[in-house]
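J.: Take a look at this one; I'll ask things after.
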Amino acid sequence: MEILNDSVKSFEKLYLQLQDGFPVIVPTDTNYNLCSLPNNDLCIDKIFEYKKRSKDKPLSLFIDKPEDWKLYGDNQNTEIVDKLVEIFWPGPLNIILKNKTSYNYMLNNSDSIAIGCVQNKTMRRFISVSYTHL
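Quick note on numbering: the working numbering labels position 49 of the sequence shown as 1176, and the sequence is numbered without any gaps.
Now the structure itself:
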C-alpha cells in the first residue's frame, strides 16, 4: 500500500486507480472509508466485497461543496434541507434525499440517495479533483 500526500498529483493518481476499478482509502471526519467513483461498477463491487457488505445496502455519495446537494438529490422542502446543510455541512452528517442521479448500481436502484459533505479538507479536495473528470 502506498500512502500519498495531499496534492493534485496524488489525487490524480488515486483517480486513475478508481478508474481502473480499484477502491482507495480516504479520510473522512470520523474514520477512513473505501472510496469509489459513483459510476464504476467494478470498483463498487470491490467495496461490497472488501467490506462484506450486502448489495442491498446502498453506498453514500460524498460531495465537496455543500450547495451541490441539489445536483444529486431532491426534496419537496428544500428550505429544510438548505437549513440542515447550513448548520451541519461540512461535517459528519449524511442527508437522505430523493435520488436525481443515474448512479443506480451504487444505490441498488433505490429512489433515495445518502449525500454527505465532510469537513475533512483532504477528502473534499480529492472529491473536487475527481469530479472534474466525471
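Think of the CB as a built atom: it goes at the ideal place given N, C-alpha and C, for glycine as much as any other residue.
(1) With C-beta atoms as the reference, is ARG1252 less than 8 Å away from PHE1138?
(2) Is LEU1224 closer than 8 Å to ASP1195 when the C-beta atoms are compared?
(3) Considering only DSSP beta bridges, list what TYR1159 is partnered with.
(4) So for LEU1186, helix, strand or coil by DSSP?
(5) So what's SER1239 in DSSP terms, helix, strand or just coil?
(6) Given a cut-off of 8 Å on the beta-carbon distance, is the pair LEU1234 and ILE1242 in contact?
(7) Report the rounded CA-to-CA distance for LEU1186 versus ILE1254, giving the unit in angstroms.
(8) Indicate the three-state DSSP secondary structure (helix, strand or coil) for LEU1224 in the structure shown.
(9) ARG1180 to ILE1171, Cα distance in whole Å?
(10) Closest to TRP1216 by C-alpha separation, out of LYS1248, ASP1133, SER1229, TYR1159, would be which residue?
(11) Out of LYS1182, PRO1193, LYS1197, which has the shortest C-alpha to C-alpha gap to SER1124?
(12) State the DSSP-derived secondary structure class of ASP1172, mapped to helix, strand or coil.
T.: Per the coordinate set shown:
(1) Yes, they are a contact pair.
(2) No; because the gap between Cβ atoms is not below 8 Å, this pair is not in contact.
(3) Bridge partners of TYR1159: PRO1154.
(4) Looking at LEU1186 - three-state DSSP - the assignment turns out to be coil, as it is neither helix nor strand.
(5) If DSSP states are grouped into helix, strand and coil, SER1239 belongs with the strands.
(6) Not closer than 8 Å, so no.
(7) Roughly 16 Å separates the two Cα atoms.
(8) Taken through DSSP and simplified to helix, strand or coil, LEU1224 comes out as strand.
(9) Taking the CA atoms as reference points, ARG1180 sits about 11 Å from ILE1171.
(10) TRP1216 has its Cα closest to that of LYS1248, out of LYS1248, ASP1133, SER1229, TYR1159.
(11) What is shown of the chain runs 1128 to 1261, which leaves residue 1124 out entirely.
(12) Here ASP1172 carries a helix assignment [DSSP, helix/strand/coil].
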